Amino acid sequence: MNDRSWPSLATTQSSTIVANWQLYLVVGTTVAVLVWGLILFCVIRYRRRSDAEPVQFANNVPLEIAWTLVPLVLVCWLFVYTYRAEASVETVAGTPAVGVHVNAYRWGWTFAYDGGPTVGGAAHGPILDSAGAPPPELVLPLNETTRLTLTSSDVNHSFWVPAFWFKRDAIPGQTTTFDVKPDELGTFEGHCAAFCGLNHALMTFEVKVVSPQEFARWRAGEMHA
Amino acid sequence: MGAAASSATFSGERSDLLSWLTTTDHKRIGILYLVTSLVYFGVAGALALTIRTQLARPNNDLVSSHTYAQLFTLHGTAMIFLFVAPFALGLANFLIPLQIGAPDMAFPRLNATSYWMFLFGGFVIFSGAATNEGAAAAGWTSYVPLSAIAISTGLGQDLWIVGVFLVSVATILTSINFVTTVFVYRAPGMTMWRLPIFTWEMIATSLLIFMAFPTLASDLLLLFIDRRFGGHAFDPAHGGDAILWQHLFWFFGHPEVYVMILPYFGVVSEIIPVFSRKPIFGYTGLVIAAFAIAGLSMGVWAHHMFTTGAVNDPFFSFVSLLIAVPTGVKFFNWIATMWGGSLTFPTPMLFAVGFLINFLLGGITGVMIASPPIDYQAHASYFIVAHMHYVLGGGSLFAIFAALFFWWPKIFGHRLDERLGKWCFWLLFVGFNVTFFPMHFMGLEGMPRRVFTYEATGQLPLLNAIASAGSYVMLAGVLAFAWNVVLSARRRVPAGDDPWGANSLEWSTSSPPPEFNFTALPKIRSERPAYDARVKAAEAEA
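The listed protein sequences derive, respectively, from chains H and A. Numbers 1 to 225, taken from the working numbering, label the letters of the first sequence in order. Numbers 1001 to 1542, taken from the working numbering, label the letters of the second sequence in order.
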């Protein structure tokens, strides 16, 4: 189990996503410090010092136009970067190396690889308590694109791997696909992120990223098991 | 005339129970709304403390998973539908006729009807707790199919639907009342461009309610038909669409966020000028910004659905980002109001400045999650829990306390204690930030919302322990307020007509105001009639 307190960046997509986080963090922190600074400045500088009435001004049209236009330009600029980041994250490959059909249900996960094998699922047993069956494991090859196809057999669920910096909902009657390209070896935790009833908190899974050779060995082993 | 009225309970004459049950006086209905919503706040707060106690350490077993689901469902439902929104309706009920120089609301009996529907709607929601399978447990968003009859078999879910339906109809009726009152009941001289900003914000809020709440009511009706009359609106197995619930719910749900914040923008816009001894800066800009926010907020609902993969992300992302512009205008206007002023910091002003500081952070994280790639990590995690509480707790709740301390003397004729008021502010300010700031990091570490337990991985145990400790500091702040109410009611320090040197018309009548509000109206020649009258009186003396 990955025990680091901060999620790693385990896919190429997550690097794009985190770059977007960083952009917003820098802009957001700058704005916050500026505005908090202005508030604190007023609170300290303009404390009542005498009974004289301050100058009663209430307008400054050029200033008001400026503080409307500058933020407008700023959010348009942010949107351009956001649009690019999103397009990149949402891009799906023509021919993914691996395809996995992920089905979510109350309360567990089935990972059905195109061409086999199928892991997890009801055979894994329903999750009864936190000391129940070990969570199902999604094994993925390093540096290869995997196409995930999401469905749900009962209520809304959400496939979330914090180290992928990504989640996607599994909704009954809807099929959703996205690609991941893991670029870090290791085991990462996954959660259901959409409240789905009693055992929502226990509906976890693990993602194990292995080398393509090991992935092939694992797959062959599972198929013949 | 003010001091003399301080012995009166309210509005002059009768004060027995029957007179309160049958009242159509907007001030009494306002007080009923305020008191009721504060009681619901107490209940919802107690639920929140139970939640924080359960999460204080990993693998805790104070409450079961099923109890926990009911706790967060009722906490969210009560805070949103029974406290933050209706408190504003109560405040507006009390204030709007006074601020525009009217004797009452346009439809006084409709007004009473709204209040009683709201009160009993809340009872119906909570009555689910007395049924065999307990109260509703599908979250305040009640996503289908989780809330469908096949999964949520209990009556608690039906009672939740009926209760929220009653509250939403009551809210629609009240908003009609507000808009009609402002449009037709203004006193001579009170032109639209002289309305206090609070009244303007309530017009924008009411328009949002017109547009958003009928959608919620329809959504609830469809769900009820699905559950009890064999409908299939949300059932994909029979040609329905599960995601339709989310579209309809958030078409209401995002405007609802602004229904819960615009009135409080109005509150701080009233308070900051008074304690800066200046007129509000950029009056016209503030009004335009309110309507810009209201308009834009109708086109952003699907930013709650980025992770469904079923909506046009870039459109909803861009419109959501745009809301930052009018919100920024408001911030700059509030700062410019303080700029060059002569500032004092009694409790209402402390809470108003606390609102600015906290709400700014909620606004900035709001801009962040308007970006779909960021939302893919933040959505449904504790990062979102932090964001929404900075908006509704650090924002709306702080403005609610600002409003309570500011208008208490006008409403009840006596002042609240200042020393206890400052304790209340600092305990809530520190407690709030200690509780909710760490939640940003919990979310980034991978803690989903609505989980009754978590594993002891990474920093989660530490962050959760800090958050839970903070929630008890907030409790101390709320208790300081409750004690203040009791103590001040015993002391009854007379408020006088205008204890703060304020600006708007409600400060030109007695505290509390007489039954039909005004024995005489001052001349209204600007948006600060009370201020103008003071200046004129000073000139006459000189």
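Glycine is no exception: its CB is placed at the ideal position from the N, C-alpha and C atoms. All figures in this text were calculated on a predicted structure; none of them were measured in a lab.
*Starting from C76(H), follow the beta strand (DSSP E) in both directions and report where the run begins and ends.*
Along the first sequence, read from residue 1 onward, the residue named residue 76(H) stands at position 76. It is not in any beta strand (DSSP E) - C76(H) instead sits in the alpha helix (DSSP H) that spans 61-90.
*For R1232(A), does the three-state DSSP call read helix, strand or coil?*
Counted from its first residue, the second sequence places residue 1232(A) at position 232. The question names Arg, but residue 1232(A) is His in the sequence shown. In the structure shown, H1232(A) sits in coil (DSSP, three-state: anything other than H, G, I, E or B).
*Which residues mark the beginning and the end of the alpha helix (DSSP H) in which T110(H) is found?*
Against the first sequence, residue 110(H) aligns to sequence position 110. Element bounds for T110(H): not the alpha helix (DSSP H) but the beta strand (DSSP E), 108-113.
*Measure the beta-carbon distance from S226(H) to A104(H) and round it to whole angstroms, keeping in mind my assumption that it falls under 8 Å.*
This structure cannot speak to residue 226(H), because chain H is shown only from 1 to 225.
*Could one say the Cβ of Y1283(A) lies closer than 8 Å to chain H's Cβ atoms, at least one of them?*
In the second sequence, residue 1283(A) corresponds to position 283, counting from 1. Interface residue, yes.
*Could you tell me the distance, in whole angstroms, from the CA atom of T1199(A) to the CA atom of V1035(A)?*
One-based indexing of the second sequence puts residue 1199(A) at position 199. One-based indexing of the second sequence puts residue 1035(A) at position 35. Approximately 21 Å, taken between the alpha carbons.
*asked:* Count Cβ pairs between the segment 1120-1132 of chain A and the segment 1021-1035 of chain A that sit closer than 8 Å; are there 3 or more?
replied: In this structure the segment 1120-1132 of chain A does not touch the segment 1021-1035 of chain A; the number of beta carbon pairs closer than 8 Å is below three.
*asked:* Taking the beta carbon of H1304(A) as the centre, do at least 16 other beta carbons fall within 10 Å, making it buried, or is it exposed?
replied: Taking the first residue of the second sequence as 1, we reach residue 1304(A) at position 304. Buried.
*Within the chosen definition, does the segment 1269-1283 of chain A reach the segment 1339-1346 of chain A through at least 3 CB pairs nearer than 8 Å?*
Counting C-beta pairs closer than 8 Å gives three or more between the segment 1269-1283 of chain A and the segment 1339-1346 of chain A, which meets the contact rule.
*Pick from V1329(A), S1152(A), L1475(A): whose alpha carbon is nearest that of A1135(A)?*
Within the second sequence, the letter at position 135 stands for residue 1135(A). Comparing Cα-Cα distances from A1135(A) to each of V1329(A), S1152(A), L1475(A), the minimum goes to S1152(A).
*For H1387(A), which residues from the same chain have a beta carbon less than 7 Å from its beta carbon, with the 5 sequence-adjacent residues on both sides left out?*
The count along the second sequence starts at 1 and reaches residue 1387(A) at position 387. These residues qualify, in order along the chain: G1362, T1365, G1366, I1369.
_Residue from V35(H), V89(H), V70(H) with nearest C-alpha to I17(H)_ = Position 17 of the first sequence, counted from the first residue, corresponds to residue 17(H). If we check each option's Cα against that of I17(H), V89(H) comes out closest.
*Within-8 Å CB hit, A1533(A) to chain H*: Mapped onto the second sequence, residue 1533(A) falls at position 533. No, no contact with chain H.
*Do three or more CB pairs link the segment 1408-1427 of chain A to the segment 1470-1480 of chain A at distances below 8 Å?*
yes
_For a test of the three-state rule: what should DSSP assign to D1241(A), helix, strand or coil?_
Stepping through the second sequence from its first residue, residue 1241(A) is reached at position 241. DSSP places D1241(A) in coil when its eight states are reduced to three.
_Cβ neighbour criterion (16 or more within 10 Å) applied to E53(H)_ = Translated into the one-based positions of the first sequence, residue 53(H) becomes position 53. Exposed is the call here.
*Give me the Cβ distance between T1181(A) and P1097(A), rounded to the nearest whole Å; I'm assuming they're in contact under 8 Å.*
Translated into positions along the second sequence, residue 1181(A) becomes position 181. Translated into positions along the second sequence, residue 1097(A) becomes position 97. T1181(A) to P1097(A), Cβ: 7 Å. Contact.
*asked:* Run through chain A and tell me which residues come within less than 7 Å of E64(H), C-beta to C-beta.
replied: Position 64 of the first sequence, counting from 1, holds the residue named residue 64(H). The contacting residues are G1282, G1285.
*Applying a beta-carbon distance threshold of less than 8 Å, which residues of chain H neighbour M1338(A)?*
Position 338 of the second sequence holds residue 1338(A). The contacting residues are I39, C42, V43, Y46.
*Could you check if W6(H) is buried or exposed, using at least 16 other CB atoms within 10 Å of its CB as the buried criterion?*
For the purposes of this step, residue 6(H) is identified with residue 6 of the first sequence, where counting begins at 1. Looking at its Cβ environment, which holds fewer than 16 other Cβ atoms inside 10 Å, W6(H) is exposed.
*Residues of its chain near S1526(A), where Cβ-Cβ distance is below 7 Å and the 5 sequence neighbours each way are ignored*: The count along the second sequence starts at 1 and reaches residue 1526(A) at position 526. So the list reads R1194, D1532, once near-sequence residues are dropped.
*Return yes when the Cβ of V209(H) is within less than 8 Å of the Cβ of E184(H), no when it is not.*
By one-based count along the first sequence, residue 184(H) stands at place 184. By one-based count along the first sequence, residue 209(H) stands at place 209. In contact: E184(H) and V209(H) (Cβ atoms closer than 8 Å).
*Secondary structure at N1484(A), three-state DSSP: helix, strand or coil?*
In the second sequence, counting from the first residue as 1, residue 1484(A) sits at position 484. Look at N1484(A) here: in three-state DSSP terms it is helix.
*asked:* Rounded to the nearest angstrom, what separates F1249(A) and L1321(A) at their Cα positions?
replied: Stepping through the second sequence from its first residue, residue 1249(A) is reached at position 249. Stepping through the second sequence from its first residue, residue 1321(A) is reached at position 321. One C-alpha to the other measures close to 21 Å.
_Nearest to A1290(A) (by Cα), restricted to the options F1229(A), Y1390(A), G1328(A)_ = Counting from 1 along the second sequence, the entry for residue 1290(A) is found at position 290. Nearest of F1229(A), Y1390(A), G1328(A) to A1290(A), Cα basis: G1328(A).
*Interface partners of A1310(A) on chain H, CB under 7 Å*: Position 310 of the second sequence holds residue 1310(A). Those are Q174, listed as they occur along chain H.
_Quick check on K1536(A) - is its C-beta less than 8 Å from some C-beta in chain H?_
Along the second sequence, one-based indexing puts residue 1536(A) at 536. False, the Cβ-Cβ gap to chain H never drops below 8 Å.
*Whose Cβ in chain H lies nearer than 8 Å to the Cβ of V1353(A)?*
Along the second sequence, one-based indexing puts residue 1353(A) at 353. Taking a Cβ-Cβ cut-off of 8 Å, the neighbours of V1353(A) in chain H comprise I39, V43, given in sequence order.
*Report all residues from its chain with a CB closer than 6 Å to the CB of V1352(A); omit the five preceding and five following residues, and keep chain order.*
Here residue 1352(A) refers to the residue found at position 352 when the second sequence is read from its first residue. Checking the sequence, you will find Ala at residue 1352(A) rather than Val. Result list for A1352(A): V1268, I1271, I1272, A1402, in chain order.
*Continuous beta strand (DSSP E) stretch holding Y105(H): start and end*: Counting from one through the first sequence, the residue named residue 105(H) turns up at place 105. Run containing Y105(H): 98-105, per the beta strand (DSSP E) assignment.
_E1539(A), enclosing alpha helix (DSSP H) - first and last residue_ = On the second sequence, position 539 is the one that residue 1539(A) refers to. DSSP places E1539(A) in the uninterrupted alpha helix (DSSP H) bounded by 1529-1541.
*Pull up the DSSP beta-bridge partners for W160(H), would you.*
For the purposes of this step, residue 160(H) is taken as residue 160 along the first sequence, with counting starting at 1. According to DSSP, which records beta bridges pairwise, W160(H) is partnered with K167(H), H191(H).
_What are the residues in the segment 201-221 of chain H lying within 7 Å of chain A by C-beta distance?_
Of all residues in the segment 201-221 of chain H, A201 have a Cβ within less than 7 Å of some Cβ in chain A.
*List the whole-angstrom C-beta distance separating T1435(A) from P1058(A), where the pair is believed to meet the contact cut-off of C-beta under 8 Å.*
Position 435 of the second sequence, counting from 1, holds the residue named residue 1435(A). Position 58 of the second sequence, counting from 1, holds the residue named residue 1058(A). Not quite, the Cβ-Cβ distance comes to about 18 Å (not below 8 Å), so this is no contact.
*asked:* If you follow the alpha helix (DSSP H) that G1139(A) is in, where does it begin and where does it stop?
replied: Locating residue 1139(A) in the second sequence gives position 139, counting from the first residue. That residue, G1139(A), is in no alpha helix (DSSP H); it is neither H nor E in DSSP.
*asked:* Can you confirm whether H1303(A), when its beta carbon is compared against all beta carbons of chain H, has any partner nearer than 8 Å?
replied: To locate residue 1303(A), count along the second sequence from 1; it is residue 303. So no, H1303(A) is outside the interface.
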